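Asker: All the letters of the sequence shown, read from the start, carry residue numbers 324 to 744 under my numbering.
Ideal placement from N, C-alpha and C gives every residue a C-beta, glycine not left out.
Model, not experiment: these values are computed from the prediction.
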Amino acid sequence: MTNRHELFYNYLAQTSDFPLALDIDRAEGIYLHGTNGEKYVDMISGIGVSNVGHRHPHVLKAIHQQLDKYMHLMVYGEYIETPQVKLAEALVGTLRPHPLPVPCEEGELFNLPPLQGRVGEGLDNVYFTNSGAEAVEGAMKLAKRFTGRSEIISCFNAYHGSTQGALSLAGAEFFKRNFRPLLPDVRHIRFGVLEDLALITTRTAAIIIEVISGEAGVRVPDVAYHQALRARCTETGTLLVYDEIQTGFGRTGTFWAFEQFGVVPDILLCAKGMGGGMPIGAFISSKSIMAVFKNNPILGHITTFGGHPVSCASSLATLEVIHSEGLAESAVAKGQLIRELLQHPSIKEIRGKGLMLAVEFESFEVLKPIIDRAILRAKQGTGVITDWFLFCDNSMRIAPPLVITEAQIREACNIILEAID
Ligand code: PLP
Numbered sequence: 324m325t326n327r328h329e330l331f332y333n334y335l336a337q338t339s340d341f342p343l344a345l346d347i348d349r350a351e352g353i354y355l356h357g358t359n360g361e362k363y364v365d366m367i368s369g370i371g372v373s374n375v376g377h378r379h380p381h382v383l384k385a386i387h388q389q390l391d392k393y394m395h396l397m398v399y400g401e402y403i404e405t406p407q408v409k410l411a412e413a414l415v416g417t418l419r420p421h422p423l424p425v426p427c428e429e430g431e432l433f434n435l436p437p438l439q440g441r442v443g444e445g446l447d448n449v450y451f452t453n454s455g456a457e458a459v460e461g462a463m464k465l466a467k468r469f470t471g472r473s474e475i476i477s478c479f480n481a482y483h484g485s486t487q488g489a490l491s492l493a494g495a496e497f498f499k500r501n502f503r504p505l506l507p508d509v510r511h512i513r514f515g516v517l518e519d520l521a522l523i524t525t526r527t528a529a530i531i532i533e534v535i536s537g538e539a540g541v542r543v544p545d546v547a548y549h550q551a552l553r554a555r556c557t558e559t560g561t562l563l564v565y566d567e568i569q570t571g572f573g574r575t576g577t578f579w580a581f582e583q584f585g586v587v588p589d590i591l592l593c594a595k596g597m598g599g600g601m602p603i604g605a606f607i608s609s610k611s612i613m614a615v616f617k618n619n620p621i622l623g624h625i626t627t628f629g630g631h632p633v634s635c636a637s638s639l640a641t642l643e644v645i646h647s648e649g650l651a652e653s654a655v656a657k658g659q660l661i662r663e664l665l666q667h668p669s670i671k672e673i674r675g676k677g678l679m680l681a682v683e684f685e686s687f688e689v690l691k692p693i694i695d696r697a698i699l700r701a702k703q704g705t706g707v708i709t710d711w712f713l714f715c716d717n718s719m720r721i722a723p724p725l726v727i728t729e730a731q732i733r734e735a736c737n738i739i740l741e742a743i744d
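Have a look at this one:
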């Protein structure tokens, strides 16, 4: 073992007995470079973060420029910090309804369904956080405070973060059992099942749900499901909270996945790919909903580092890259190419949208050696990093940086196919 390995195992808190323990020297674009000269294609964007690739030059430039001005100045919400206000404006800009046709998975064009949402209110107010979990926590507090209700609903097999509030939403007892008591008044419904929407009632403050269920193994519901969900929330006065922490920032073929379902949430959550490699998250709602944080009590949510200026500068540059390089739009054709290339008798199904894909095998026992062999291919030059899902261990996660090229997709898929064989 190298000295670095010893330090890793001795001094870093371990959360499993089998960390990947890849020793990475530097990263660029879709590649991670190991300390021994080996090279890996990052097909999971570590995880769902590096949408614009590792160290995108435009992002690096924005970070350097901000470093030369200031880093932390004050806790969230007190000073006017240019990177925060510019990013908030740009995020709201992505959320104005637009009539553009969107390419669907088959490469045809279809018009977005008409948007349904709360009349007269838009997603025009942003609260910046440090992480996805903090965005979830903020949204839960906002919904309870705004509605005066306590019940929160989430889905079985969902993952929304590991802090105690977010963990309460997790849809599997296995991760929660030994941390109880967690939040009371949390109920779970089955994702994509219309009948279960009846469990949303006038007692429910919010339903927190992904547009496409990620850790359940990338499950894409019907458009009709999200429209019925929106209608039920409006009927019961429940806030609809979309967790777009995995699906946002171009991952599924539109900037936000909800655009493809024709509904608008009351609160939108983002993080992960938002930062271009820097830590940041946000919950976004309307000015009138967000206003409840100003009183009773004052300072309804407090964060020291949320919306860190360097992270905000990085995030704004990320958003600009996604727009200027057309990364959301190109994710559709790239996802389609992966589906075409990954044809093999061992592959049962490929699910997903854009570059958020799950490749299903018979079992974890079949899949795990394939993942290991693809990584080990680095010994012969280039390996490929994939993994599986928290609540779906027979499916391989494929979510590469959106900047991946056609040639790089072919290279990665060839290595995966060889690993299967
Ligand atoms: N929500 C979803 C859908 C996620 O996938 C994750 C993280 O994997 C989170 C929330 C939590 O985000 P973070 O790890 O930044 O706290």
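Please determine if the stretch 610-619 and the stretch 572-587 are in contact, where contact requires at least 3 C-beta pairs separated by less than 8 Å.
Answerer: Cβ pair count under 8 Å is below three, so no.
Asker: Following a CB-centred definition, is glutamine 270 positioned closer than 7 Å to any heavy atom of ligand 1?
Answerer: The requested residue 270 does not occur in the structure, where the chain is confined to residues 324 to 744.
Asker: When the Cβ atoms of the stretch 635-655 are set against those of the stretch 599-617, are three or more pairs found closer than 8 Å?
Answerer: Because the criterion of three Cβ pairs below 8 Å is met, the stretch 635-655 and the stretch 599-617 touch.
Asker: Does the structure place the stretch 553-564 close enough to the stretch 519-534 that three or more beta carbon pairs sit under 8 Å?
Answerer: The answer is yes - the stretch 553-564 touches the stretch 519-534, with three or more Cβ pairs under 8 Å.
Asker: Reducing DSSP to helix, strand and coil, say where alanine 528 ends up.
Answerer: Your numbering for residue 528 matches position 205 in the sequence shown. Looking at alanine 528 - three-state DSSP - the assignment turns out to be strand.
Asker: How about valine 375 and isoleucine 708: are their beta carbons less than 8 Å apart?
Answerer: Counted from its first residue, the sequence shown places residue 375 at position 52. Counted from its first residue, the sequence shown places residue 708 at position 385. Not in contact: valine 375 and isoleucine 708 (Cβ atoms no closer than 8 Å).
Asker: When the Cα atoms are used, what is the spatial distance from arginine 662 to isoleucine 673?
Answerer: One-based indexing of the sequence shown puts residue 662 at position 339. One-based indexing of the sequence shown puts residue 673 at position 350. Cα to Cα, arginine 662 sits roughly 7 Å from isoleucine 673.
Asker: Do you know offhand how far isoleucine 743's Cα is from glutamate 685's?
Answerer: Position 420 of the sequence shown holds residue 743. Position 362 of the sequence shown holds residue 685. Computed Cα separation, rounded: 12 Å.
Asker: Tyrosine 764 bridges to which residues according to DSSP?
Answerer: The requested residue 764 does not occur in the structure, where the chain is confined to residues 324 to 744.
Asker: I'd like the ranges of any alpha helix (DSSP H) spanning at least 4 consecutive residues and lying wholly in the stretch 567-608.
Answerer: Entirely contained in the stretch 567-608, not one alpha helix (DSSP H) run reaches 4 residues.
Asker: What residue range is occupied by the uninterrupted beta strand (DSSP E) comprising arginine 555?
Answerer: Reading the sequence shown from its first residue, position 232 is the one you call residue 555. Not the beta strand (DSSP E): arginine 555 falls in the alpha helix (DSSP H), residues 546-559.
Asker: For arginine 720, does the three-state DSSP call read helix, strand or coil?
Answerer: Residue mapping note: residue 720 aligns to position 397 of the sequence shown, counting from 1. Reduced to three states, the DSSP call for arginine 720 is strand.
Asker: For aspartate 340, count the other beta carbons within 10 Å of its own beta carbon; 16 or more makes it buried, fewer makes it exposed. Which is it?
Answerer: Your numbering for residue 340 matches position 17 in the sequence shown. With fewer than 16 other Cβ atoms within 10 Å, it is exposed.
Asker: Per the contact definition of three or more C-beta pairs closer than 8 Å, is the stretch 376-386 in contact with the stretch 717-727?
Answerer: Segments in contact, yes.
Asker: Rounded to whole angstroms, what is the Cα-Cα separation between valine 655 and tyrosine 334?
Answerer: In the sequence shown, the residue the question calls residue 655 occupies position 332. In the sequence shown, the residue the question calls residue 334 occupies position 11. Their Cα atoms are separated by approximately 42 Å.
Asker: Just list the beta strand (DSSP E) runs in the stretch 639-712, keeping only unbroken ones of 3 residues or longer that don't cross its boundaries, in chain order.
Answerer: Listed in chain order, the complete beta strand (DSSP E) runs (minimum 3 residues) inside the stretch 639-712 are 672-676, 679-683, 705-708, 710-712.
Asker: What residue range is occupied by the uninterrupted beta strand (DSSP E) comprising glutamate 474?
Answerer: Sequence index remark: in the sequence shown, residue 474 carries index 151 (1-based). Its beta strand (DSSP E) spans residues 474-478.
Asker: Have a look at His549, Phe497, Met463, Cys478 and flag the residue whose alpha-carbon is nearest the alpha-carbon of histidine 511.
Answerer: For the purposes of this step, residue 511 is taken as the residue at position 188 of the sequence shown. Closest by alpha carbon: Cys478.
Asker: DSSP three-state call for tyrosine 482: helix, strand or coil?
Answerer: For the purposes of this step, residue 482 is taken as the residue at position 159 of the sequence shown. Of the three classes helix, strand and coil, the one that applies to tyrosine 482 here is coil, per DSSP.
Asker: Can you name the start and end residues of the alpha helix (DSSP H) that asparagine 737 belongs to?
Answerer: Here the question's residue 737 lines up with position 414 in the sequence shown. It spans 729-743 - the alpha helix (DSSP H) in which asparagine 737 sits, taken as one unbroken run.
Asker: In the DSSP assignment, what residue or residues form a beta bridge with histidine 511?
Answerer: Indexing the sequence shown from 1 puts residue 511 at position 188. According to DSSP, histidine 511 bridges with Ser477.
Asker: Exposed or buried, histidine 624, counting other C-beta atoms within 10 Å across all chains shown (16 or more means buried)?
Answerer: For the purposes of this step, residue 624 is taken as the residue at position 301 of the sequence shown. It counts as buried.
Asker: Hey, how far is the Cα of leucine 505 from the Cα of lysine 384?
Answerer: Counting from 1 along the sequence shown, the entry for residue 505 is found at position 182. Counting from 1 along the sequence shown, the entry for residue 384 is found at position 61. Each residue's Cα considered, the two are about 43 Å apart.
Asker: Short of 7 Å in beta carbon distance, which residues of its chain neighbour tyrosine 393, apart from the five on each side in sequence? Order them along the chain.
Answerer: Indexing the sequence shown from 1 puts residue 393 at position 70. Contacts found: Pro632.
Asker: Which partner residues does phenylalanine 451 have in the DSSP bridge list?
Answerer: Start at 1 with the first residue of the sequence shown, and residue 451 comes out as number 128. Paired residues: Ala605.
Asker: Closer than 6 Å by C-beta to cysteine 635: which residues in its own chain qualify, once you throw out the five before and the five after it? Chain order, please.
Answerer: Locating residue 635 in the sequence shown gives position 312, where the first residue counts as 1. Pro406, Gln407, Leu410, listed in sequence order.
Asker: When you compare only the Cα positions, how much space is there between histidine 328 and threonine 338?
Answerer: Residue mapping note: residue 328 aligns to position 5 of the sequence shown, counting from 1. Residue mapping note: residue 338 aligns to position 15 of the sequence shown, counting from 1. Going by the C-alpha atoms only, they are around 16 Å apart.
Asker: What is the DSSP secondary structure of leucine 432, counted as helix, strand or coil?
Answerer: Position 109 of the sequence shown, counted from the start, is the residue given in the question as residue 432. Because the pLDDT at leucine 432 is just 33, under 50, the model does not fix this residue reliably, and the point stays unresolved.
Asker: When we look at the beta-carbon of glutamine 703 and count the other beta-carbons within 10 Å, is it buried (16 or more) or exposed?
Answerer: Taking the sequence shown and counting its residues from 1, the one referred to as residue 703 is at position 380. It is exposed - the Cβ of glutamine 703 has fewer than 16 other Cβ atoms within 10 Å.
Asker: Return the residue from the list Gly484, Ser373, Ser473, Val459 that minimises the CA-CA distance to serine 637.
Answerer: To locate residue 637, count along the sequence shown from 1; it is residue 314. The shortest C-alpha separation from serine 637 is found at Ser373.
Asker: Name the two residues that bound the continuous alpha helix (DSSP H) containing glutamate 329.
Answerer: Here residue 329 refers to the residue found at position 6 when the sequence shown is read from its first residue. Note, glutamate 329: alpha helix (DSSP H), 326-334.
Asker: Within this structure, are the beta carbons of alanine 489 and glutamate 460 separated by less than 8 Å?
Answerer: In the sequence shown, the residue the question calls residue 489 occupies position 166. In the sequence shown, the residue the question calls residue 460 occupies position 137. Yes, the pair counts as a contact, with Cβ atoms nearer than the cut-off.
Asker: Would the beta-carbon of leucine 465 fall within 8 Å of that of valine 415?
Answerer: In the sequence shown, counting from the first residue as 1, residue 465 sits at position 142. In the sequence shown, counting from the first residue as 1, residue 415 sits at position 92. Contact flag unset, no.
Asker: Could you check the C-alpha separation between asparagine 359 and arginine 468 for me, to the nearest Å?
Answerer: Taking the sequence shown and counting its residues from 1, the one referred to as residue 359 is at position 36. Taking the sequence shown and counting its residues from 1, the one referred to as residue 468 is at position 145. Each residue's alpha carbon lies about 53 Å from the other.
Asker: Write down the C-beta distance between lysine 676 and glycine 649 rounded to the nearest angstrom, noting that I regard them as a contact closer than 8 Å.
Answerer: Counting from 1 along the sequence shown, the entry for residue 676 is found at position 353. Counting from 1 along the sequence shown, the entry for residue 649 is found at position 326. Wrong, their Cβ atoms sit about 17 Å apart, outside the cutoff.
Asker: Put histidine 379 into one of helix, strand or coil per three-state DSSP.
Answerer: Locating residue 379 in the sequence shown gives position 56, where the first residue counts as 1. If DSSP states are grouped into helix, strand and coil, histidine 379 belongs with coil.
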